[in-house]
Amino acid sequence: MDISTLISSSGRLQLSAAESKIPWEELAFSQRMLENHLSQDDDWASRRQIVIEQQVGWIARQLLVGARTLDIGCGPGLYTHLLAERGYCCHERCNSDPHPTPEIRSRGESALLIQESLWSLLRQLWKLKSCTSRE
């Protein structure tokens, strides 16, 4: 589907199965998303670092000292990393991208293992839902 179809449409559009699925499992797509998340040119995928730092400051003021956090949809872990630097326990991360980012790899095997484990858990839960749903 091209942009002119979207512009000229007056009703609800029906996407094909291929168009409605975000291709998280494609490495090239994941790499492009990471580039967008890390870009400081705009707030398209992630906010600029200065905004993230302000938001992390606000989050930190809401938490007890040493609190544990779970960042769902963490992307490259920009918030989690800053919270961990402030002393919060931020080992649990859940992201829809199954490809660990270089940032996660650089933070050590435990961060990599946790992301891969959570991704595996999400897949298993999806399979279980598919097996038990009544349609």
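The sequence shown: position 61 = 61 (the UniProt record's numbering), numbered continuously.
By construction, the Cβ of each residue, glycine as well, lies at the ideal position given by its N, Cα and C atoms.
- Here DSSP, grouped into helix, strand and coil, assigns R32 to helix.
- When DSSP assignments are scanned along the stretch 41 to 89, the uninterrupted stretches of alpha helix (DSSP H) that are 4 or more residues long and fall wholly within it turn out to be 49 to 62, 78 to 85.
- By alpha-carbon distance to Y79, the top candidate from S16, G57, N36 is G57.
- Within a 10 Å sphere around the beta-carbon of L82 sit 16 or more other beta-carbons, which makes this residue buried.
- With respect to P76, L27 sits apart: the two C-beta atoms are not nearer than 9 angstroms.
- Ranked by Cα distance from R86, the first of I72, L70, A60, D71 is A60.
- Note that the C-beta distance between Q40 and Q49 is below 9 angstroms.
- Rounded to whole angstroms, the separation of the alpha carbons of S46 and Y88 is 21 angstroms.
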